[in-house]
Amino acid sequence: MPSTINLKAAWAQVPTGVGVLCTTETEGKIHGITVNSYISISVEHPMIGVSISINSNSHELIKKNRKFGFSILSKDQKNVANYFSSDKEFSLPKNIQFDDLGGNTYGIQNATVQFACSLRDNFLLTDHTLFVATIKNVRFNRIQPLISHRSGFSELTT
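Numbering-wise, this note's numbering puts 247 at position 106 of the sequence shown, and it's gapless, one number per residue.
Right, dumping it as structure tokens:
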């Protein structure tokens, strides 16, 4: 069995887009988490899969609300990724704004892609849950995405 350290180092070699999943807390405050484990499940039946740690604050909020916004960040949004990857409660920086995607779902303003999602199913897989959601709405800009690679952020070169 490979060690956790080796697996993390191996997965860090694979470039992925950086996303932020947004849902709401009881009092209506927008809550987000930085994610790089997500997949397109189907475009014919629009679905996305997102893997979330069972220990994250977002986990129970997603199950309770049964909907979320998912944004794939643009190359200039490293600060957004860093903010939502922290476990600490900091005041939301003024430069992080949200777009209303409809149905009480929110996306990160100026992201490359924004999805409004409705939870379809979830699968507990040891220490993570795979949330499968129907995509209800999509918006996109032709802005280069932010990339996670080798435990840091970079951008595409074309």
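Note that the Cβ used here is the ideal one computed from N, Cα and C, for glycine as well.
Could you check if residue i is buried or exposed, using at least 16 other CB atoms within 10 Å of its CB as the buried criterion?
i                 : result
asparagine 282    : exposed
threonine 253     : buried
proline 156       : exposed
glycine 244       : exposed
valine 176        : buried
glutamine 154     : exposed
leucine 266       : exposed
phenylalanine 231 : exposed
glutamine 238     : exposed
serine 212        : buried
glycine 160       : buried
leucine 148       : exposed
threonine 298     : exposed
proline 286       : buried
serine 289        : buried
Compare the C-alpha of residue i against each of the options and name the closest.
i              : options                        : result
serine 197     : Val221, Ile171, Ser226         : Ser226
valine 184     : Lys277, Gln154, Ser292         : Lys277
proline 234    : Lys205, Ser292, Val221, Gly173 : Val221
isoleucine 171 : Ile203, Val159, Pro286         : Ile203
glycine 248    : Ser215, Phe272, Lys149         : Ser215
lysine 167     : Gly190, Lys149, Ser199         : Reading off the sequence shown, one finds threonine at residue 167, where the question assumed lysine. Nearest option by C-alpha distance: Ser199.
tyrosine 224   : Leu162, Phe256, Val279         : Leu162
serine 354     : Gly169, Lys229, Trp152         : Outside the shown range of the chain (142 to 299) lies residue 354, about which nothing can therefore be said.
So what's residue i in DSSP terms, helix, strand or just coil?
i             : result
lysine 170    : coil
glutamate 296 : strand
serine 199    : helix
Output the boundary residues of the beta strand (DSSP E) element that contains residue i.
i              : result
leucine 266    : 254-266
serine 226     : Not the beta strand (DSSP E): serine 226 falls in the alpha helix (DSSP H), residues 219-226.
alanine 274    : 269-281
serine 208     : The question names serine, but residue 208 is lysine in the sequence shown. Counting along the chain, the beta strand (DSSP E) containing lysine 208 begins and ends at 208-213.
isoleucine 146 : Per DSSP, isoleucine 146 belongs to no beta strand (DSSP E); it is in the alpha helix (DSSP H), 145-152.
methionine 188 : 188-194
valine 161     : 160-165
glycine 248    : 246-249
isoleucine 180 : 179-183
isoleucine 288 : 287-290
Note the first and the last residue of the continuous alpha helix (DSSP H) segment covering residue i.
i          : result
lysine 229 : Careful: lysine 229 lies outside any alpha helix (DSSP H) and carries neither H nor E.
Assuming residue i and residue j make a contact with CB atoms under 8 angstroms, what is their CB distance in whole Å?
i             : j                 : result
threonine 270 : methionine 188    : That pair is no contact at about 16 angstroms.
lysine 208    : threonine 246     : 5 angstroms
valine 279    : phenylalanine 256 : 5 angstroms
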